[in-house]
Amino acid sequence: MARAYSADLRRRVVEAAMGGLSARQAAERFDVGTATAIVWVRRFREGGELVARRQGKPRGLRLDPHAHYLLGLLEQTPDLTL
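Note that UniProt numbering numbers the sequence shown so that position 73 is 73, with each residue one more than the last.
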């Protein structure tokens, strides 16, 4: 999985775009993808957000909603395996 760009680079790209360059020009100047720069500028304009979003699948345990049921089964049948 690719690493997130630094917060400093994001800030510089957005500042350049807000300072008169288009997002495409800022992307070219700082050597980032055009679509990436457009998304950064749009997110900044909509809510002032510059931090990287978490990559990958959302974390969470799939068994949590079923824990009570599974523990009950395990108490009834101690040699039960998943």
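Backbone N, C-alpha and C define an ideal beta-carbon position, used for all residues, glycine too.
Other residues of its chain near residue i: CB distance less than 6 Å, five sequence neighbours each side excluded
{"i": "Ala67", "result": "none"}
Residue i classed as buried or exposed, judged by whether at least 16 other C-beta atoms fall within 10 angstroms
{"i": "Val51", "result": "exposed"}
{"i": "Ala27", "result": "buried"}
{"i": "Ala23", "result": "buried"}
{"i": "Ala7", "result": "exposed"}
Inter-residue Cα distance where the pair is residue i and residue j
{"i": "Arg45", "j": "Ile38", "result": "11 Å"}
{"i": "Asp61", "j": "Leu74", "result": "The identity of residue 61 in the sequence shown is Leu, whereas the question assumes Asp. Approximately 19 Å, taken between the alpha carbons."}
{"i": "Arg10", "j": "Arg59", "result": "25 Å"}
{"i": "Gly19", "j": "Tyr69", "result": "58 Å"}
{"i": "Arg54", "j": "Arg12", "result": "21 Å"}
{"i": "Glu15", "j": "Gly47", "result": "15 Å"}
{"i": "Tyr5", "j": "Gly72", "result": "47 Å"}
{"i": "Gln76", "j": "Trp40", "result": "54 Å"}
Cβ of residue i within 7 Å of any chain C Cβ
{"i": "Ala35", "result": "Going by chain labels, chain C is absent from the structure shown, which holds only one protein chain."}
Helix, strand or coil at residue i [DSSP, three-state]
{"i": "Leu80", "result": "coil"}
(request) At 4 residues or longer, and completely inside the region 5 to 69: list those alpha helix (DSSP H) runs for me, N to C. (result) Listed in chain order, the complete alpha helix (DSSP H) runs (minimum 4 residues) inside the region 5 to 69 are 7 to 18, 23 to 30, 34 to 47.
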